[in-house]
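Sequence lines, in order, name chains A and B. Counting along the first sequence from 1, when you hit position 172 you're at 172 in full-length UniProt numbering, and nothing is skipped either side. Counting along the second sequence from 1, when you hit position 59 you're at 59 in full-length UniProt numbering, and nothing is skipped either side. Okay, so here's the structure we're looking at.
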Amino acid sequence: MIIAVSGGKGGVGKSTLSLNLGYELDAVIVDADLATADLPAGAGRGPNLHDVLAGRAEPMAAVETVGPIRLLPCGRTLEGARASKLVELTRVVERLERQCGRVVIDCPAGLAQDVGVELYSADVAVLVTMPNRVALHDAYRTRRLALDVETPIGSVVLNQCRSTDAEDLVGQVEAKMGAPVTVIERRADIAAAQAAGRPLRTESPTSPMLEGFDSITWAIERCERHLSGGIGVL
Amino acid sequence: MVEVDSSTAYADGVAFVTVTVRNPQTTAQRVCLRISVPTWAPQRGGLSAPAWNGDTWEAVVGPGRCRGLGFASPVEKSECLGNPVEVVSVDRARDVEAATAQPEAILADLDAWSPTTDIVTRNR
Numbered sequence: 001m002i003i004a005v006s007g008g009k010g011g012v013g014k015s016t017l018s019l020n021l022g023y024e025l026d027a028v029i030v031d032a033d034l035a036t037a038d039l040p041a042g043a044g045r046g047p048n049l050h051d052v053l054a055g056r057a058e059p060m061a062a063v064e065t066v067g068p069i070r071l072l073p074c075g076r077t078l079e080g081a082r083a084s085k086l087v088e089l090t091r092v093v094e095r096l097e098r099q100c101g102r103v104v105i106d107c108p109a110g111l112a113q114d115v116g117v118e119l120y121s122a123d124v125a126v127l128v129t130m131p132n133r134v135a136l137h138d139a140y141r142t143r144r145l146a147l148d149v150e151t152p153i154g155s156v157v158l159n160q161c162r163s164t165d166a167e168d169l170v171g172q173v174e175a176k177m178g179a180p181v182t183v184i185e186r187r188a189d190i191a192a193a194q195a196a197g198r199p200l201r202t203e204s205p206t207s208p209m210l211e212g213f214d215s216i217t218w219a220i221e222r223c224e225r226h227l228s229g230g231i232g233v234l
Numbered sequence: 001m002v003e004v005d006s007s008t009a010y011a012d013g014v015a016f017v018t019v020t021v022r023n024p025q026t027t028a029q030r031v032c033l034r035i036s037v038p039t040w041a042p043q044r045g046g047l048s049a050p051a052w053n054g055d056t057w058e059a060v061v062g063p064g065r066c067r068g069l070g071f072a073s074p075v076e077k078s079e080c081l082g083n084p085v086e087v088v089s090v091d092r093a094r095d096v097e098a099a100t101a102q103p104e105a106i107l108a109d110l111d112a113w114s115p116t117t118d119i120v121t122r123n124r
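Structure follows, in structure tokens:
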């Protein structure tokens, strides 16, 4: 099962969700933001995604264990980004899936070919957005692209909500996106865990926001059961 | 012709049917299906979802593509549905070229990927 975490707009919390979802699903997280990677860089000594996409390293050789998560980190150099062959990405994540079971792809912002290929490589997409017009519009465009490349939307995450602005928005977003919506509030414990490069569950095991991550995990596992049943209807 | 595959799950006196329609041909096909059991079609905003009209479903399936549909029916497991989906007609669809692009063509149409100008400036 390959899950792409996307959403169009930058700064909506794609990397935060990828890290937490990767931990909750016991998946390998691929930091596929080739130019502006922001998941932990690992020890920085081994090969990274740039090397793998340039054909200089095997995918499994670049997977690192960073604290409680398994991560294929992305390089931080412009040369590395330029040398990366985007067309290799599908093959790379499929190999990781065969060897590790589940893969979470942390997509970059925007709607260029990098995001397109990552969505195309995935079995299901999770859209991350925020309760404002620009972010919702970008998420909707990302949804369109995902469906065009035949990747269904498993879940939509309304991130960084205030407790007051979610009430009637959830129903509207759910109707428009055609996928279950989970609300994650803006909270200091989530930001602190992300700054430490660790999942919320290990940093703050009593946080009420863990329920939100649980419901996203269930939505993904439901998709997984559908897909393994051979019927592509969600 | 098209290939129609269906499976049914039962819960609380309701049958949930999932169907896939695959078009192995090289042209888009307009497919019409009729459901032979009482049909609860999916609803969107209080109206039946697009493609549904009562117990019939009609939509275009692109060349080499697959579409999914699902509906519920108030039928107990003991009343076994058999195959509740019947193909009424399959005709070549002539007016849908743009809507049936292959994923590869869609990817090729996107903007080329490149590092943002922001990062280029930082690297100098």
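We treat Cβ as the ideally placed atom computed from N, Cα and C, and that holds for glycine.
Taking 8 Å as the CB-CB limit, is Gly67/A close to chain B?
Output row for Gly67/A: interface = no.
Is the CB-CB distance between residue 268/A and Val104/A below 8 Å?
Shown here, chain A extends from 1 to 234; a query on residue 268/A therefore has no answer.
Using the beta-carbon of each residue, which ones in chain A are nearer than 8 Å to Ala112/B?
The contacting residues are Ala112, Gln113.
Count the other CB atoms within 10 Å of the CB of Glu24/A; is the residue buried (16 or more) or exposed (fewer)?
Under this definition Glu24/A is a buried residue.
According to DSSP, what are the bridge partners of Ala51/B?
In DSSP, Ala51/B forms no bridge with anything.
Nearest by alpha-carbon distance to Ser89/B: which of Leu107/B, Glu58/B, Asp111/B, Gly82/B is it?
The shortest Cα separation from Ser89/B among Leu107/B, Glu58/B, Asp111/B, Gly82/B belongs to Glu58/B.
My output table needs one value for Asp123/A: the three-state DSSP class, helix, strand or coil.
Asp123/A falls in the coil class under three-state DSSP.
Entirely within the region 120 to 197 of chain A and at least 3 residues each: give me those beta strand (DSSP E) ranges in chain order.
For the region 120 to 197 of chain A, whole beta strand (DSSP E) runs of length 3 or above, ordered along the chain, are 124 to 129, 153 to 161, 181 to 185.
Taking the alpha helix (DSSP H) that Trp218/A belongs to, which residues open and close that run?
Residues 210 to 228.
I'd like the list of long-range same chain contacts for Gly75/A, defined as Cβ closer than 6 Å, with 5 residues on each side in sequence excluded.
For Gly75/A, where only same-chain residues beyond five positions count, the Cβ hits under 6 Å are Asn48, His50.
Within the continuous alpha helix (DSSP H) that includes Val93/A, where are the two ends?
89 to 100 is the extent of the alpha helix (DSSP H) around Val93/A.
Mind checking who Leu110/B pairs with in its DSSP beta bridge?
None; Leu110/B has no bridge partner.
Alpha carbon to alpha carbon, how far is Thr142/A from Ala112/B? Give it in angstroms, no decimals.
So the alpha carbons of these two residues sit roughly 16 Å apart.
Residues of chain A with CB closer than 9 Å to the CB of Ile106/B, please, in chain order.
By Cβ distance, chain A contributes Gly116, Tyr120, Leu145, Asp148, Val149.
Which residues of chain B have a Cβ atom closer than 8 Å to the Cβ of Leu86/A, listed in chain order?
Near Leu86/A (Cβ distances below 8 Å), the residues of chain B are Trp113.
Mapping the DSSP letters down to three states, classify Gln113/A as helix, strand or coil.
Gln113/A falls in the helix class under three-state DSSP.
If you measure between the beta carbons of Val28/A and Val128/A, is that distance less than 8 Å?
No, Cβ-Cβ distance for Val28/A and Val128/A is not below 8 Å.
How should Ala41/B be labelled, buried or exposed, when 16 other C-beta atoms within 10 angstroms of its C-beta is the threshold for buried?
Under this definition Ala41/B is a buried residue.
Who are the neighbours of Pro103/B on chain A, taking C-beta pairs under 8 Å?
Under the 8 Å cutoff, chain A gives Tyr120, Asp148, Val149, Glu150.
In this structure, what does DSSP give as the bridge partners for Gln43/B?
Per DSSP, Ser48/B.
At which residues does the beta strand (DSSP E) containing Asp5/B begin and terminate?
Its beta strand (DSSP E) spans residues 3 to 11.
Per DSSP, which one or two residues make a beta bridge with Asp31/A?
DSSP lists Asp106/A as partners of Asp31/A.
From the beta carbon of Ala35/A, is the nearest beta carbon of chain B less than 8 Å away?
Yes, because at least one Cβ of chain B sits closer than 8 Å to the Cβ of Ala35/A.
Tell me, please, whether the CB atom of Ala81/A is closer than 8 Å to any CB atom in chain B?
Yes, Ala81/A lies at the interface with chain B (some Cβ there is under 8 Å from its Cβ).
Look at Arg65/B and Asn23/B and say whether their C-beta atoms are less than 8 Å apart.
Yes, they are a contact pair.
Report the three-state DSSP secondary structure of Gly68/B (helix, strand or coil).
If DSSP states are grouped into helix, strand and coil, Gly68/B belongs with the strands.
Apart from the five residues on each side of it in sequence, which residues of its chain come closer than 8 Å, Cβ to Cβ, to Glu97/A?
Hits under 8 Å: Met1, Ile2, Val103.
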